[in-house]
Amino acid sequence: MAGHSKWANIQHRKGRQDEKRQRIWTRVVREIMVAARTGGGDVSANPRLRLAIEKAKAANMPADTIKRNVDKATGNLEGVSYEEIRYEGYGIGGAAIILDTMTDNRVRTVAEVRHALSKHGGNLGTEGSVAFQFKHCGQLIFAPGTSEDRVMDIALEAGAEDVITDEEGAIEVLTSPADFEAVKNALQAAGLVPELAEVTWRAENSVSLKGEESSKMQKLLDILEDLDDVQNVFHNAELED
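Numbering-wise, my numbering comes out as the position in the sequence shown, counting from 1, plus 495.
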């Protein structure tokens, strides 16, 4: 999943997510459980849990399924305990990759991640080896044709850090992770609904890959995204359409 704002890559990312809709529930359940375990089951006091529940509702997850997993995480029901582990590495052409995982078996997870990277032209790095190339932030993407002036006025008033329009006309709003929810709510209240909205690792600079390198990188990303324990894949590769 790309960390930059190129519209074609955003559309590709959404398409990939749509293809994998059946797997969304598994990942959302893990996110709900970790968010509830670390921040408590009170939705009003836990913004991470609120965001996870929003994702669950968007994926048409039943309310009782959501509640059951919150209860498991907060000790009201017996369940599996997941831990979050972040891996960093390199892909094709030196492109940087960050993998967010949730697992109940870290030995299995690191073995699967290392194998996938090494088999398909990448390699696993050490902690901090590529993270400096990314910014942890809130990101909201609006389709070309959206009023830049309206987005800018509302977003900056609500606490956004920056508003960027790319060459294709897509508008990107950047926030601190803490201000993401307030900015998103302000924009949605004004009728401005983003194509993509999340707290992410956004690449500060991209690596352009073309031809065979682009195809190989896409294959590597697809394989990483398909690993059971991987929640999100962030990278700085700009791929050919």
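Glycine included, each C-beta is placed from N, C-alpha and C at the ideal position. A quick note: this is a predicted structure, and the numbers were derived from the prediction, not measured.
| Asked | Found |
| --- | --- |
| Please name the residue, chosen from V608, V678 and A665, that lies closest to C632 on a Cα-to-Cα basis. | V678 |
| Evaluate A606 with the Cβ neighbour count: other Cβ atoms within 10 Å of its Cβ, from every protein chain shown; 16 or more gives buried, anything less gives exposed. | exposed |
| I'd like the list of long-range same chain contacts for A554, defined as Cβ closer than 8 Å, with 5 residues on each side in sequence excluded. | R516, I519, W520 and V523 |
| Which of the three DSSP states, helix, strand or coil, is assigned to S703? | strand |
| Out of S624, M597, P639 and E699, which one is the CA nearest neighbour of E720? | M597 |
| Measuring alpha carbon to alpha carbon, tell me which of F675, G589 and F629 ends up nearest G616. | G589 |
| Quick check: L544 and E676, are their CB atoms within less than 9 Å of each other? | no |
| In this structure, how does DSSP classify F729 when only helix, strand and coil are distinguished? | strand |
| Which partner residues does Q628 have in the DSSP bridge list? | Per DSSP, none; premise fails for Q628. |
| Please classify M597: does DSSP put it in a helix, a strand, or coil? | strand |
| Residues in its own chain within less than 6 Å of E526 by CB, not counting five upstream and five downstream? | A547 |
| Just list the residues that DSSP pairs Y577 with in beta bridges. | None, per the DSSP bridge assignment. |
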